[in-house]
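Undergrad: Take this structure first; my questions come after.
Residue numbers (our numbering), protein chains in the order written: chain C, 4 to 390; chain V, 4 to 390; chain G, 4 to 390; chain P, 4 to 390.
The following block contains the structure:
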């Protein structure tokens with residue numbers, strides 16, 4: 004790839020940011036409130052727009068329902084457009100109602116299953132209003148104790164709800180099915196791994212696609228293998244990017260293991276799936292529990308950009324040649340050459356060419372936005388997970 | 004051991020229950036409230052007294068400060084005594100104040116460190132008032148990102164706070180230092196493993212002892228080894244019992260891996276540390292997020308009893324002989340013989356001899372207590388973690 | 004299920020034993036030779052026949068090619084029949100030739116891929132000769148370093164080899180595809196999880212089925228979920244039973260976590276898949292590195308029987324009722340009641356009804372077989388992995 | 004640190020290479036032989052000398068007894084000196100004799116314990132002959148099954164053997180005690196973690212020090228914490244460097260997680276422990292199962308150099324200021340700035356200043372050494388682990 008092509012690819016890259024990253028978050032032990040945190044969806048979108056303003060590659064904001072429910076989603080979409088961004092993926096939430104103590108769509112109680120399905124269908128209504136393409140489904144459903152419920156019956160219930168939701172989708176809409184090893188369910192999780200999500204998507208149809216949340220795997224899982232495998236199968240719909248040392252820590256993407264992020268982006272580039280029309284949606288899903296949220300999002304976007312730039316710099320001809328020759332050290336060396344390159348000057352140049360400040364973190368810090376929202380957003384209820 | 008000795012040991016066993024197990028708990032995603040949950044320390048103690056009433060081996064209740072702070076701890080102790088139980092370990096909480104976002108005793112800010120130390124010292128004041136022997140210290144302190152703070156400097160600060168607190172203890176009081184692999188800190192935890200807790204205890208003095216929370220280890224950790232090692236060193240002060248499949252799931256002890264609990268109790272029996280005067284405090288520390296709390300505590304106590312009974316039934320002579328002979332299958336077989344024994348009839352007999360119902364779960368269910376508290380405890384603020 | 008039905012199910016159960024369990028095995032650090040170890044396939048079969056003689060449920064022996072290659076497989080089958088057992092699954096080995104350093108069917112070198120495929124096809128020839136139904140494929144293929152080879156190209160090569168092999172199978176023959184998290188490949192494993200095996204099987208056809216080796220998962224994996232899921236999909240072909248605390252330890256099944264084995268067998272019974280005609284082949288795959296091999300196999304068979312008996316004793320009506328009612332503790336309690344039952348007397352009775360000694364371990368020990376083979380099998384080359 | 008100081012530190016760095024890395028190695032499944040592999044200790048030393056010739060920082064070679072046993076160690080030392088290197092740490096091996104099936108120094112059989120101790124003492128004799136400072140002890144001792152042996156008694160036996168060995172050491176000699184989570188023992192490992200090694204070292208005396216093998220931890224372990232903690236305690240004696248994705252994979256250091264290696268070296272630099280006289284011995288311990296061994300060692304040395312260079316470039320003043328200010332993103336950013344720097348030009352310059360080729364890999368490849376040893380080393384028995 005020529006350096007011109009690399010720069011063009013970096014300029015064309017798109018990363019979707021989550022509305023909830025700008026609200027308060029924490030652990031079961033404590034949610035530390037931060038100054039200036041948004042009190043409503045509009046303020047979240049305003050903050051997200053800052054991230055795009057300084058990086059130029061994050062023009063889309065995911066919503067989470069009911070956290071971001073408003074009376075008029077068309078009006079919210081207009082609000083976003085005024086700030087230079089647009090509404091993206093709609094995230095369903097069937098884990099916070101008291102009714103969902105023993106599950107939502109897999110609950111043994113049919114009344115509760117109907118209620119959960121109703122919420123999923125409502126989310127499609129919202130997609131119609133916002134013009135969103137993607138419905139993202141993460142189910143916290145599962146059990147805490149062996150025997151608590153029937154593993155197989157829960158799969159039947161899950162399949163039924165997914166089917167009904169899929170049928171409701173418009174021709175241009177997609178279902179993104181997320182999996183997660185554990186938490187908040189502690190014994191059984193009904194969609195625990197990519198294989199489960201993949202098997203359900205196969206039965207639903209081509210617009211059902213798997214989401215890889217990089218923090219949702221068992222220790223030792225080779226995530227880039229899953230990326231490559233799902234791309235080969237045409238079933239990788241999206242990423243929820245974040246990073247972790249232990250469980251689903253939801254740290255900034257690239258913070259815990261930048262080499263892993265590079266390997267993931269290498270598979271993306273390898274499969275020519277970086278293109279916006281590839282069908283892979285690159286989203287962030289993180290919790291900035293102790294760090295300020297807007298700069299943490301900017302840093303996260305930059306981390307993805309840096310990993311992408313390195314992946315684009317891999318000398319694919321040399322790599323293929325070394326692989327074909329069985330040259331273990333040589334092939335590994337080609338990959339490491341790209342990884343060890345300092346791509347920050349290249350990205351600074353890409354930003355300048357796009358009319359942006361070469362240093363988004365510094366530019367945001369200088370802008371006074373953080374101080375302004377801290378001063379202005381006084382009173383009201385700060386946004387959060389409402390757990 | 005004769006069967007008479009086994010029964011005597013089971014009758015003499017003591018398990019301490021945590022006041023907070025009776026309040027609401029949950030995950031970062033949701034706390035599901037339950038009917039009848041206590042609204043104050045007195046109601047928690049009343050519930051704990053139920054567990055003792057039906058099991059006969061749980062006469063002590065741990066308090067958590069500030070969750071259980073009252074104006075008059077002497078009065079609370081009297082209240083407990085009236086219900087047939089007494090106040091046990093005092094648990095400090097230096098993780099829920101907004102000031103502790105970057106740590107408590109290891110915080111880079113000396114003002115916050117002083118505040119945290121002040122709380123620890125206050126807990127000793129409370130111990131004086133309640134007559135508690137043990138101060139349990141768990142620090143959530145750590146960092147989320149590499150570089151966020153200096154690993155070594157934090158150890159210096161930790162040592163300083165532990166020293167000041169230890170100095171404040173009375174001659175009959177002990178410090179129990181707990182370790183935990185991760186959560187809520189996601190990169191560095193300042194007391195992440197038994198080795199760290201042990202090293203600090205060594206420097207403090209003999210009344211500083213290590214607490215093993217069974218859910219606080221990395222995957223693959225051989226917990227019974229740690230039990231045996233700390234007993235050999237005279238540094239095992241207490242257990243926080245619970246069970247887990249993944250991280251710190253805080254499920255009922257014995258629910259996830261009953262064989263592991265048996266192996267732990269085998270090391271306890273092996274070292275003659277089941278005795279109340281052994282210095283090992285057997286405590287529960289669990290979260291009954293989705294199951295009713297009092298019966299979950301009763302079941303947990305019974306699970307510890309069953310594991311203990313099996314451990315007491317190990318044919319130690321046959322085991323020693325097979326071990327000495329290098330008979331791998333024989334020695335393992337002796338242990339498994341005890342584990343595979345159904346000890347429920349034996350425990351039913353022990354209970355009947357103590358004037359208790361042989362089936363604590365059924366007896367509690369019949370008692371109507373659950374229905375009564377659900378009806379009576381209306382209004383007010385249910386107890387919880389207040390995260 | 005009535006007790007009569009339980010006993011009948013236990014009598015009808017079938018467990019297949021591996022020829023290689025009777026040979027020497029070890030770790031990369033050391034293979035400890037044992038006295039009396041077989042020197043050829045006939046002696047392995049003779050040892051396997053002992054396991055069946057004392058348990059009555061293990062009449063089938065898996066072979067491993069080339070370790071068990073003989074000139075005349077028909078003669079070997081007759082030899083087995085004379086000893087009361089028969090030849091079962093044929094296991095291919097494409098990991099021990101020097102050519103396979105960088106992979107077998109996924110090797111970048113087409114010559115080596117052809118050689119590996121040739122071996123797979125030869126194994127089908129052997130199946131024709133032995134009358135075996137199942138071809139078991141485990142591929143050690145993978146890479147040790149990022150970049151070493153192309154993840155996706157290796158999947159293409161894998162699919163091609165599987166397709167060619169599947170085409171060669173007779174109408175009554177099956178392909179069993181095994182997955183494994185890691186080892187001996189240390190970065191990428193080409194079939195690392197059940198999802199990968201399942202996806203390939205789907206494309207091959209109905210006689211391609213997934214094998215679950217209980218030791219081949221990441222920490223924290225809920226294996227019984229995979230069992231239930233594959234049964235629901237009609238894609239669970241077989242188990243390789245063993246147990247582990249850490250990685251692929253290949254300890255005796257049920258030795259590390261007997262509760263997990265029970266949960267697995269509960270899913271089997273739940274799906275009525277214990278029947279011999281269910282299509283699920285229950286095999287052992289273990290390494291008795293330090294313990295004597297024949298009694299270790301007997302113990303392993305007994306461990307599976309005990310877990311099965313407990314699973315058969317689950318009060319399914321009570322379980323279903325508690326699950327439907329959302330009674331978390333009640334439903335868990337029903338499962339635990341069965342698990343906590345001592346089923347050894349029941350199994351002793353089943354054995355006596357079948358004309359067997361109620362205590363297989365003791366009966367084998369008394370038989371003098373171990374002493375006889377130690378005395379007779381002198382000279383020659385003991386069987387092993389030949390690593 | 005000035006750039007001059009950084010270059011000086013890099014020039015002064017010393018990394019010790021293991022003789023066994025040049026012999027064949029593999030997994031329990033297969034050892035793939037490579038052309039040109041040494042047949043004796045002299046040839047191993049000759050290969051090790053190549054690594055030093057091209058990197059300039061690896062002048063010391065560890066020996067492994069009995070793999071490297073020779074009649075005249077003084078002569079071997081002279082041989083090494085002639086090739087520009089010297090003999091370093093002596094590694095004891097008490098895991099490959101048939102007697103050690105159930106353990107060496109912790110074996111229940113006192114005869115075998117005496118034999119194992121005899122070997123440890125013999126290793127000190129060899130140290131006297133070679134002038135080695137360090138005795139490295141790694142014990143594979145442990146058990147595969149619960150109950151197989153007594154956990155506590157094994158600690159007593161371990162303590163006794165360590166004491167006897169420590170007493171035998173000369174005043175300038177040290178004992179380095181290594182820990183390992185598991186393998187080859189699969190249930191209990193007698194020295195499983197740093198805490199155990201540390202506790203034993205404390206009782207022995209100041210010349211007993213802990214060895215951190217970077218591959219010997221449970222998933223999720225924060226290794227740099229252990230580094231920092233042991234440095235604070237004055238008990239970090241050495242590293243065995245390698246890398247891993249899963250278990251003890253023994254891949255090239257820095258290959259699996261280069262960011263982790265950087266964090267480790269950051270703690271080293273933080274504690275001023277890079278200096279040769281710091282008492283920390285930086286050793287490699289790797290298995291080049293599928294890649295050529297000499298270039299793999301060169302690459303490994305370079306990986307340590309690169310991580311070290313980045314650690315030396317950390318702006319410590321800025322880091323301390325951000326940490327003191329509680330600036331989470333700022334402090335992390337200072338660390339990442341150093342990590343993201345491409346230090347290869349700097350290291351090339353350091354090499355040129357030392358009269359070396361700036362590209363050690365290319366220089367070695369051009370040298371023809373690999374072809375020469377492949378041609379010359381024909382016949383004889385290639386060195387390996389002899390498992």
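Beta carbons are placed, not taken as given, at the ideal position from N, Cα and C, and that holds for glycine. Only a predicted model underlies this, so the values are computations on that prediction, with no experimental measurement involved.
Take residue 139 (chain C) as the anchor and find which of C:161, C:211, C:109 has the nearest alpha-carbon.
TA: When each option's Cα is compared against that of residue 139 (chain C), the closest is C:211.
Undergrad: Cα-Cα, which of P:329, P:292, P:248, P:363 is closest to residue 37 (chain P)?
TA: Residue P:292 is the option with its Cα nearest to residue 37 (chain P).
Undergrad: Measuring only between beta-carbons, confirm whether residue 267 (chain C) sits less than 8 Å from chain G.
TA: Chain G contact via Cβ: absent.
Undergrad: Can you tell me whether residue 244 (chain P) is helix, strand or coil according to DSSP?
TA: DSSP places residue 244 (chain P) in strand when its eight states are reduced to three.
Undergrad: Would you call the CB atoms of residue 177 (chain G) and residue 106 (chain G) closer than 8 Å?
TA: In this structure, residue 106 (chain G) does not lie closer than 8 Å to residue 177 (chain G) by Cβ.
Undergrad: At what residues does the beta strand (DSSP E) containing residue 139 (chain G) begin and finish?
TA: Residues 137 to 140.
Undergrad: Who are the Cβ neighbours of residue 258 (chain P) in its own chain at under 6 Å, not counting the five residues just before and after it?
TA: Within the same chain, residue 258 (chain P) has close Cβ partners 246.
Undergrad: Using a Cβ-Cβ cutoff of 8 Å, what residues of the region 291 to 302 of chain G are near chain V? List them in chain order.
TA: Per Cβ criterion, the list reads 293, 294, 295, 298, 299, 302.
Undergrad: Quick check: the Cα distance between residue 47 (chain C) and residue 26 (chain C), rounded to an integer number of angstroms?
TA: Their backbone Cα atoms lie some 7 Å apart in a straight line.
Undergrad: Which residue's Cα is closest to the Cα of residue 146 (chain P): P:308, P:165, P:184?
TA: Answer by Cα proximity: P:184.
Undergrad: Here's the rule: buried if 16 or more other CB atoms are within 10 angstroms of the residue's CB, otherwise exposed. What is residue 1 (chain V)?
TA: The question about residue 1 (chain V) has no answer here: the residues shown for chain V are numbered 4 through 390.
Undergrad: With residue 323 (chain V) and residue 269 (chain V) assumed to form a contact (beta carbons below 8 Å), what rounded beta-carbon distance in angstroms separates them?
TA: With 8 Å as the limit, residue 323 (chain V) and residue 269 (chain V) do not qualify as a contact, their Cβ atoms being about 13 Å apart.
Undergrad: Among G:100, G:72, G:225, G:61, which has the Cα closest to the Cα of residue 86 (chain G)?
TA: Selected option, being the one with the closest Cα: G:61.
Undergrad: For residue 147 (chain V), which residues in chain C fall below 8 Å Cβ to Cβ?
TA: Near residue 147 (chain V) (Cβ distances below 8 Å), the residues of chain C are 252, 254, 292, 293, 294.
Undergrad: Using the beta-carbon of each residue, which ones in chain C are nearer than 7 Å to residue 343 (chain P)?
TA: Correct list: 345, 347.
Undergrad: Using a beta-carbon distance cut-off of less than 8 Å, what residues from the region 30 to 42 of chain C approach chain V?
TA: Hits within the stretch, in order: 30, 31, 32, 33, 34, 35, 36.
Undergrad: Just verifying my parser: in three-state terms, what is the DSSP assignment at residue 294 (chain P)?
TA: Note: residue 294 (chain P) maps to coil in three-state DSSP.
Undergrad: Mind checking whether residue 73 (chain G) and residue 41 (chain G) have CB atoms under 8 Å apart?
TA: No. Outside cutoff.
Undergrad: Once the 5 residues before and after residue 223 (chain P) are set aside, which same chain residues still bring their CB inside 6 Å of it?
TA: There are no such residues.
Undergrad: When you check each C-beta in the region 151 to 172 of chain P against every C-beta of chain V, which residues fall closer than 7 Å?
TA: Going along the region 151 to 172 of chain P in chain order, one finds 151, 152, 153, 154, 155, 158 with a Cβ nearer than 7 Å to chain V.
Undergrad: Listed from N- to C-terminal order along the chain, which residues in the region 235 to 246 of chain G have their beta-carbon within a distance smaller than 8 Å of any beta-carbon of chain C?
TA: Listed by position along the chain: 235, 236.
Undergrad: In this structure, how does DSSP classify residue 21 (chain G) when only helix, strand and coil are distinguished?
TA: The answer is strand: DSSP assigns residue 21 (chain G) an E or B state.
Undergrad: Using alpha carbons as the reference points, say which of G:356, G:359, G:272, G:358 lies closest to residue 338 (chain G).
TA: Residue 338 (chain G) has its Cα closest to that of G:272, out of G:356, G:359, G:272, G:358.
Undergrad: Closest to residue 227 (chain G) by CA distance: which of G:252, G:203, G:262 is it?
TA: Minimum Cα distance to residue 227 (chain G) is reached at G:262.
Undergrad: Candidates V:349, V:168, V:371: which alpha carbon is nearest residue 308 (chain V)'s?
TA: Considering only alpha carbons, the answer is V:349.
Undergrad: Tell me whether residue 303 (chain V) sits in a helix, a strand or coil according to DSSP, three-state version.
TA: Helix.
Undergrad: Should residue 296 (chain P) be labelled buried (16 or more other beta-carbon atoms within 10 Å of its own) or exposed?
TA: By the 10 Å Cβ count, residue 296 (chain P) comes out buried.
Undergrad: Reducing DSSP to helix, strand and coil, say where residue 285 (chain C) ends up.
TA: Strand at residue 285 (chain C).
Undergrad: Measure how close the beta-carbons of residue 92 (chain P) and residue 284 (chain P) come, nearest whole angstrom, since I'm counting them as under 8 Å.
TA: Their Cβ separation, rounded to whole angstroms, is 7 Å, which keeps residue 92 (chain P) and residue 284 (chain P) in contact under 8 Å.
Undergrad: Establish whether the CB of residue 288 (chain C) and some CB of chain V are separated by less than 8 Å.
TA: Taking Cβ atoms only, chain V never reaches closer than 8 Å to residue 288 (chain C), which makes this a no.
Undergrad: Could you have a look at residue 254 (chain G) and say whether DSSP puts it in helix, strand or coil?
TA: Strand.
Undergrad: Are the CB atoms of residue 256 (chain P) and residue 205 (chain P) nearer to each other than 8 Å?
TA: No, they are not a contact pair.
Undergrad: If you draw a straight line from the C-alpha of residue 101 (chain V) to the C-alpha of residue 230 (chain V), how long is it?
TA: Approximately 35 Å between the Cα atoms of the pair.
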